[in-house]
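Heads up: the sequence shown is residues -18 to -1, 1 to 246, going by mature numbering (1 follows the signal peptide of the UniProt record, and there is no 0). Shown next, in structure tokens, is the structure this report addresses.
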Amino acid sequence: MFCLQLFFVMTLIYFNSASPFDFNFPSFPIAEDFLHGPAPYDNRIVGGHEANIVDYPHQVSFIVNNSYFCGGFIVSENYILTAGHCAQNVDPSTVVLRAGSTNRKNGTIIPIAEVIPHPEYDNPAFDKDVAVMRTVDPITYSDSIQPVKLPEKNRPMVGDTMVQQGASSIPENLMAVEIPVVSQFKCKLVYSDVLTDNEWCGGNFVFGGQGTCQGDSGGAATQDGMAVGIVSYARGCAQPLSPSVFADVAAPTIRDFITEHTGL
């Protein structure tokens, strides 16, 4: 069986503006009796276990004005990918990335020269949720700082596989969790108004309990050593019948954008 892994840094601080994790999806075909209302936004990966950066050396935390609020992942010595919604109206001079650390201390600080969101991000809502960040200087690789490979364009997602995602949980440590991929058919039952062919879903579809939350955005979902998804949005945090949604790195419009700006 293929193994799908997600790696991203979860953070405690996020902007007060609308978040892709608190979007009000008006057409959910689900019963609130099953959900018991939305879960509180505690800004941590849900249902995970502690991990080590050496196992996820592509992972970085995205810091703007000294506040952690997103994750990202290294794809070459000059480029890092994150979610488009993490990069809206961001001044590169205010951005640094922390790499090579299991917690929010130590590691390597990477200054950023340019932040480029997909020009068609959020058209339609949350679609094409990807951004490229160019570093000021080439990244120096080590055992805890390495790039992750990218899939070829149109590489299909493998259904019914397991997903592992990583995040720096409260208070500081990197975390990981395993979740199954959710079929597009099931996911469209829940996110019928917003899910596009540039996205895929993961999580325990019926019961919830494992998945992403605020601050997890921008991290990589990896399969067979390749980053195949970017943490994008969800209804609440690991809620029943509300899987996490990921930007599909292999989708043509996303993959072409990455190639255009990174050469990869």
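Virtual Cβ for every residue (Gly too), placed ideally from N, Cα, C.
Environment of residue i [buried if 16+ CB atoms lie within 10 Å]
i: D73; result: exposed
i: N180; result: buried
i: G53; result: buried
i: D175; result: exposed
i: D238; result: exposed
i: F167; result: exposed
i: I236; result: buried
i: P222; result: buried
i: S49; result: exposed
Range covered by the beta strand (DSSP E) that runs through residue i
i: R137; result: Where R137 is concerned, there is no enclosing beta strand (DSSP E), given that its DSSP letter is neither H nor E.
i: L156; result: 156 to 164
i: C52; result: 49 to 56
i: A202; result: 202 to 205
i: Q41; result: 41 to 46
i: C183; result: 181 to 184
i: S214; result: 208 to 215
From the options, residue whose alpha carbon lies closest to that of residue i
i: D125; options: P39, V227, P133, K170; result: P39
i: residue 248; options: V77, V130, D175, I94; result: A question about residue 248 goes unanswered here, because the residues of the chain that appear run from -18 up to 246.
i: L63; options: S49, V172, K110; result: K110
i: S214; options: A107, I91, L132; result: A107
i: G184; options: V163, E134, V57, G89; result: V163
i: T244; options: I56, F228, F44; result: I56
i: K170; options: S226, V42, A33; result: S226
i: K135; options: E102, A209, S43; result: A209
i: N88; options: I35, V77, V140, E160; result: I35
Coarse secondary structure for residue i, derived from DSSP in three states
i: G66; result: helix
i: D230; result: strand
i: V72; result: coil
i: L79; result: strand
i: K168; result: helix
i: I98; result: strand
i: I121; result: coil
i: V36; result: helix
i: P225; result: coil
i: P106; result: coil
i: I92; result: strand
i: Y173; result: coil
i: R86; result: coil
i: V130; result: coil
Short CB-CB distance (under 8 Å) between residue i and chain C
i: P99; result: This model lacks chain C altogether, as it is built from one protein chain only.
Boundaries (first-last residue) of the alpha helix (DSSP H) holding residue i
i: I236; result: 234 to 244
Cβ-based neighbour list, residue i, same chain, cut-off 8 Å, excluding 5 preceding and 5 following
i: A95; result: P74, R116, T117, V118
i: A69; result: V97, I98, P99, A113, M115
i: P138; result: A232
heavy atom of the ligand ADP below 7 Å from residue i C-beta
i: N60; result: In terms of ligand content, the structure shown is empty, and the ligand ADP therefore cannot be addressed.
Cβ neighbours of residue i in the same chain (closer than 6 Å, five flanking residues each side left out)
i: T178; result: D109
Close Cβ partners of residue i (< 7 Å) along its chain, the five nearest in sequence each way excluded
i: T84; result: N34, I35, N155, L156
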